[in-house]
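Peer 1: Just passing along the structure, written as structure tokens.
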Amino acid sequence: MADDKLLRPSQARLGFVREAKSLAIILGLFVGAMWLSEIVDQVIFRGGLDGFGIQPRSIIGLQGILFAPFLHVGFAHLTANTLPLLVLGFFIMLRRKRDLLYVSLISGLIGGLGTWLIGAGNSVHLGASILVFGYLGYLLALGVFERKLWTILGSLAVFFLYGSALWGALPSNNGISWEGHAFGLIGGIIAARVLAVREIKAASAEAKLKVRQVR
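According to this note's numbering, the sequence shown is numbered sequentially starting from 3.
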């Protein structure tokens, strides 16, 4: 009779599958909210919600810092952001799920404020690319700040996949919000620094505790 253990998937494999499903659900809900927002905007409001984007140096335009990542100039714009959001977001959550929230908040806030401060007057900035560049900045910088083999390899892999996108953070006149890209990138780098310092301090405290226990 075959050993029952051989007939059952290993616990490690089951754990991996459950974790992958969990990450997929979180990302699906997050990006799904953006698609739902755009469907409502296009079908019901005929693009009218775009006015809730970031309007530089306008007091009412500050609300766009919150809404801009969920607003897009049509489905083509959202489609262009969807795959990078899913891929980069997945990479972030491989480390810790909650890191996606921290990176989104920090890069979204810094990216939005920076755009509000220096963006062209009489313009409206919107789109999840602020978060895309925030995620990119975070993943590229994490290996530098943590200096661990796996995070360094991860940073190199992300650079290989999306390094060419960094050109989008340079000043241009092609109608793309380079300000959002640039400050989102900066926000992601700051998030990497903050989270890396926390990780290093936590590891140091744990190591000291183990030394005390051994003594």
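A virtual CB, placed ideally from N, CA and C, is assigned to each residue, including glycine.
#1: Since Ser-157 is in the alpha helix (DSSP H), which residue starts that stretch and which ends it?
#2: In angstroms, rounded to a whole number, what distance separates the CA positions of Lys-23 and Gly-34?
#3: Check for me: the alpha helix (DSSP H) holding Val-75 runs from which residue to which?
#4: Given that a residue counts as buried once 16 or more other Cβ atoms are within 10 Å of its Cβ, and exposed if not, what is Pro-86?
#5: Out of Glu-21, Val-42, Leu-68, Ala-26, which has the shortest C-alpha to C-alpha gap to Ile-112?
#6: Spatial neighbours of Phe-54 within its chain, please: C-beta separation below 7 Å, excluding the five flanking residues on both sides.
#7: Could you give the C-beta distance for Gly-189 and Ser-125, rounded to a whole number, given that I count them as a contact under 8 Å?
#8: Hey, out of Val-199, Phe-32, Ile-41, whose CA is closest to Arg-149's CA?
#9: Roughly how many angstroms lie between the CA atoms of Gly-76 and Trp-152, to the nearest whole one?
#10: Excluding sequence positions up to five away, which residues of its chain have a Cβ less than 7 Å from the Cβ of Tyr-104?
#11: Helix, strand or coil: how does DSSP classify Ile-46 here?
#12: Mind checking which residues open and close the alpha helix (DSSP H) that includes Asp-101?
#13: Between the alpha carbons of Ala-26 and Ile-120, how many angstroms are there, rounded?
#14: Measuring only the C-alpha atoms, how far is Ala-293 from Val-89?
#15: His-79 to Ser-60, Cα distance in whole Å?
#16: In terms of residues, what are the limits of the alpha helix (DSSP H) holding Phe-147?
#17: Cα-Cα, which of Phe-147, Leu-51, Ile-132 is closest to Gly-182?
#18: Please state whether DSSP places Ile-56 in a helix, a strand or coil.
#19: Return the residue from the list Gly-139, Ile-28, Ile-62 that minimises the CA-CA distance to Met-95.
#20: Taking its Cβ as the centre, do 16 or more other Cβ atoms sit within 10 Å of Leu-9, making it buried, or is it exposed?
Peer 2: The short version:
#1: Taken as a continuous stretch (DSSP letters only), the alpha helix (DSSP H) holding Ser-157 covers 151–164.
#2: Computed Cα separation, rounded: 15 Å.
#3: Taken as a continuous stretch (DSSP letters only), Val-75 belongs to no alpha helix (DSSP H), as it is neither H nor E.
#4: Pro-86 comes out buried.
#5: Nearest option by C-alpha distance: Leu-68.
#6: Take Phe-54, set aside five residues on each side of it, and the residues of its chain with a beta-carbon closer than 7 Å to its own are Gln-65, Gly-66, Phe-69, Leu-73, in chain order.
#7: Contact between Gly-189 and Ser-125 is ruled out by a C-beta separation of about 20 Å, above the 8 Å threshold.
#8: If we check each option's Cα against that of Arg-149, Val-199 comes out closest.
#9: Here the alpha carbons of Trp-152 and Gly-76 stand approximately 38 Å from one another.
#10: So the list reads Ala-193, Leu-197, once near-sequence residues are dropped.
#11: Coil.
#12: If you look at Asp-101, you'll find it in the alpha helix (DSSP H) that goes 99–120.
#13: Just so you know, the alpha carbons of Ala-26 and Ile-120 end up roughly 36 Å apart.
#14: Nothing can be reported for residue 293: it is not among the residues displayed for the chain, which extend from 3 to 217.
#15: His-79 and Ser-60: Cα-Cα distance of roughly 24 Å.
#16: The continuous alpha helix (DSSP H) containing Phe-147 extends over residues 131–148.
#17: Among Phe-147, Leu-51, Ile-132, the Cα nearest to that of Gly-182 is on Ile-132.
#18: Note: Ile-56 maps to strand in three-state DSSP.
#19: The candidate whose alpha carbon is nearest that of Met-95 is Ile-28.
#20: Note that Leu-9 scores 46 on pLDDT, short of 50, meaning its location in the model is unreliable; the coordinates nonetheless yield the value given after this. Taking all protein chains shown into account, Leu-9 has fewer than 16 neighbouring C-beta atoms within 10 Å of its C-beta and is therefore exposed.
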